[in-house]
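First comes the structure, then the notes that go with it.
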Amino acid sequence: MSNNSIVQISDTHLFGDKNRKINGSNSYQNLKEVMNHLLALKRKPDLIIVSGDLSQDCTFESYQHLANLLNTSGIKYYLFPGNHDDVDVINKVFDFNWIKNRVDYSFDFNKWFINVIDTSVYPEVVGELSEDQLKNFEKSLSQNKNKPTIVFMHHHPLPVGSKWLDNYILNDAEKFNSIVKLNPQIKAVLFGHIHQVFEKNIDGKFYGSAPASCYQVLPKAEMFTIQNLNAGYRSIELDGDKFSSKVVWI
Ligand SMILES: [Fe+2]
Ligand SMILES: [Fe+2]
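At position 64 of the sequence shown (counting the first as 1) the number is 64 in the numbering used here, and the numbers step up by one without a gap.
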């Protein structure tokens, strides 16, 4: 059985101005450090997935910085929007022809099936999935039932125990979670948005976040509180149809 690795980077929050900081961290420099770290690994990841909040100011330049850093790495990558992103501007840089609030897609990764579902509702902070999106999600799962599957999304579909942050959870997450529950081939649901590490096993499925590549926030806090940590990412190993992952801090 061959091993395959994916790196999930999240919440890059880039600005057009490379020197600009967000909540004390230089988001461009942080992402550059993550990419340099990945390139220095003895075994580079086979795939990078960037799980939303790509830009903080939605400028053409901010997405160009992201494209440059990813393209020069030579590592295959996928990305999708978060609540901070403007799909119209992303389309101009990456030439995707994405439709706002409906950037749902899936692809095969060796024997695995990767399902990306767009929870963003530009320009709202909260996440939402339309009836149509849920229907299409169910359809693509049923058409790929025999493949071990990972679902990637931006918003958290489970409360993380932070009062302020759980206001920005995925709306109607129960519907999404019930679909996940009914599909035993789903091994993991991975998300970003919360700028902290969250991990939980439900019925043998792993729900987890990637920390942000920019600033981190304190878990279980009543109010927004910055945590003084470096950039991090989630490193995923697929061994046959076994999923395992861990968070790596730079
Ligand atoms: Fe974010
Ligand atoms: Fe977000």
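Cβ coordinates follow ideal geometry from the N, Cα and C atoms, glycine included.
With ligand 2 as the reference, list in chain order each residue whose Cβ lies under 5 Å from any of its heavy atoms.
D53, G82, N83 and H193
Beta strand (DSSP E) runs wholly inside the stretch 141-180, at least 3 long, in chain order:
149-152
Can you grab the Cα-Cα spacing for the pair N71 / P45, in whole Å?
14 Å
Might you give, ordered along the chain, the residues of its own chain that have their beta carbon closer than 6 Å to the beta carbon of A67, omitting 5 neighbours on each side?
V93
Mind listing, in chain order, the continuous beta strand (DSSP E) runs of no fewer than 3 residues lying wholly within the stretch 193-242?
199-202, 205-209 and 232-239
Measuring straight from C-alpha to C-alpha, what distance separates V180 and K242?
17 Å
Which value, in whole angstroms, describes the spacing of the CA atoms of N115 and F224?
31 Å
Residue burial classification, G127 (beta-carbon count within 10 angstroms, cutoff 16):
buried
By Cβ distance, which residues of its chain are closer than 8 Å to K147, with the 5 residues on each side in sequence left out?
D108, K111, W112, F113 and Q185
Say yes only if the C-beta of A212 is nearer than 8 Å to one or more non-hydrogen atoms of ligand 1, and no if none qualify.
yes
Reducing DSSP to helix, strand and coil, say where K92 ends up.
helix
Which same chain residues, not among the five before or five after E138, have their C-beta less than 8 Å away from its C-beta?
I179
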